[in-house]
Amino acid sequence: MLKVAEAFLLALFIAGAIFVSHWIGQQAYTWMPPQATAEAQRVDDLFSFLVSVGAFVFLGLVGMMLYSVIFFRAKPDDYSEGHPSRGSTKLELLWLVAPTLLVLWIAAQNINIYRQLNILGLKQIVQLPLEAPADAAPEPDQLKAATKQIKVVAKQWDWTFEYPNQATSHELHLPVNQSTRLDLQAEAVIHGFYLPAFRLKQDMIPGREIDLVVTPIRFGKYRLQDSQYSGTYFALMSADVYVESQEAYKQWLVAAAKQPSEVANAAIAEQQQPPKTLFKTGWQTVTTTAVAKVAASQDGDS
Ligand SMILES: [Cu+2]
29 MLKVAEAFLL ALFIAGAIFV SHWIGQQAYT WMPPQATAEA QRVDDLFSFL VSVGAFVFLG
89 LVGMMLYSVI FFRAKPDDYS EGHPSRGSTK LELLWLVAPT LLVLWIAAQN INIYRQLNIL
149 GLKQIVQLPL EAPADAAPEP DQLKAATKQI KVVAKQWDWT FEYPNQATSH ELHLPVNQST
209 RLDLQAEAVI HGFYLPAFRL KQDMIPGREI DLVVTPIRFG KYRLQDSQYS GTYFALMSAD
269 VYVESQEAYK QWLVAAAKQP SEVANAAIAE QQQPPKTLFK TGWQTVTTTA VAKVAASQDG
329 DS
């Protein structure tokens, strides 16, 4: 009878833990910035899944500890040693198999979401056969034909975006509800393309072109921030990102094509300020790529 009651209590506890950890996983959606891309929805699904799994393991372990403290507490005057339980094959097998299955499940979820995100980084480096077999009907969201391609160049210390109509700008403009392929290129050192609202973060390696497909779904202005320390003016390496209607995007492209690309950016402005130090050391400072280029071109003229 006691065994039945214990089994019932255990089942009740597991059901409760599943319910609570699922609820906590649902809350995880509110911890993130608003989802600005279709990709963000996938990443949030994965994050919510991981939070639920973590919550379930946490509740399970705390539940076991509480159960032991309540039901196996020593009597007030009992100072004897506890029974040294060792060598339980069943327990050791459980402790081996359960976490292994859990980790494999998490890995499978990650690869599944990664495939849907269509980030080519992994394929380029590891050449894993991520493509679905030719005869399999592709899932609608797996085949994201990115019609537009924008070249993103990161250099010390600014972002330059080159658009299909040859316009260049230090702002990233994207049409809403359309997949755009970003061709990420870095000059000189590693930079990181990081947009929290897009839930995308991709390192940019000099000498490598890494594609990133984004499908913005939410109008607005966002902030792109470099996520890899790239030297003196790293903190200033950020850019405005605009998600706008297809019409507005086309109009902006036409206007941008007429605009000469400005050189000035925060790093250059900062670098050109006279040093605010008490003592004039006269020590050389780090020149920004753009200043070096301007200086070189001026030398060429003279
Ligand atoms: Cu950088």
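Our numbering puts the first residue of the sequence shown at 29, with every later residue one more than the last.
The beta-carbon is built from N, C-alpha and C at its ideal position, and this holds for glycine as well.
Because the structure is a prediction, the values reported are computed rather than measured.
Q) Can you pull the DSSP bridge partners for Thr-188? A) Val-181
Q) Is Leu-182 near ligand 1, with its Cβ less than 8 Å from a heavy atom? A) The sequence given here has Ala at residue 182, not Leu. Shortest gap from the CB of Ala-182 to any heavy atom of ligand 1: under 8 Å.
Q: Hey, could you find the ends of the alpha helix (DSSP H) Pro-203 is sitting in?
A: In the DSSP assignment, Pro-203 falls outside any alpha helix (DSSP H) and within the unbroken beta strand (DSSP E) covering 200-203.
Q.
Given this structure, state the Cα-to-Cα distance separating Ser-266 from Lys-249, to the nearest angstrom.
A. 13 Å
Q. Should Met-60 be listed as close to ligand 1, given that the test is whether its C-beta is under 8 Å from any heavy atom?
A. no
**Q.** Inter-residue spacing [alpha-carbon to alpha-carbon] between Pro-303 and Lys-229
**A.** 34 Å
**Q.** Nearest neighbour of Gln-54, chosen from Ser-80, Gly-44 and Leu-38 [CA to CA]
**A.** Ser-80
Q. Can you tell me whether DSSP reads Tyr-42 as helix, strand or coil?
A. Note that residue 42 corresponds to Ile in the displayed sequence, not to Tyr. Taken through DSSP and simplified to helix, strand or coil, Ile-42 comes out as helix.
Q | Separation of Tyr-222 from His-111, as counted between CA atoms | A | Distance from the CA of His-111 to the CA of Tyr-222, rounded to the nearest whole angstrom, comes to 54 Å.
Q: In the DSSP assignment, find the beta strand (DSSP E) that holds Arg-251 and state where it starts and stops.
A: 248-254
Q: Return the bridge partner residues of Ser-266 from the DSSP annotation.
A: Gln-253
Q) Who are the Cβ neighbours of Gly-220 in its own chain at under 6 Å, not counting the five residues just before and after it? A) Asp-231, Asp-254, Ser-255 and Gln-256
**Q.** Closer than 8 Å: Phe-262 CB and nearest ligand 1 heavy atom
**A.** yes
Q: Rounded to whole angstroms, what's the CA-CA distance from Phe-75 to Thr-260? Just pull it up for me.
A: 33 Å
Q. Can we count Gln-213 as close to ligand 1, meaning its CB is less than 8 Å from some heavy atom?
A. no
Q | Own chain partners of Ile-218 with C-beta closer than 8 Å, once the 5 adjacent residues on each side are dropped | A | Asp-231, Met-232, Ile-233, Pro-234, Gln-256 and Ser-258
Q) Taking just the CA atoms, how far does Trp-123 sit from Ile-238? A) 41 Å
**Q.** CA-to-CA distance, Gln-184 to Ile-245, given in whole angstroms
**A.** 30 Å
Q) For Met-265, is the beta carbon positioned less than 8 Å from some heavy atom of ligand 1? A) yes
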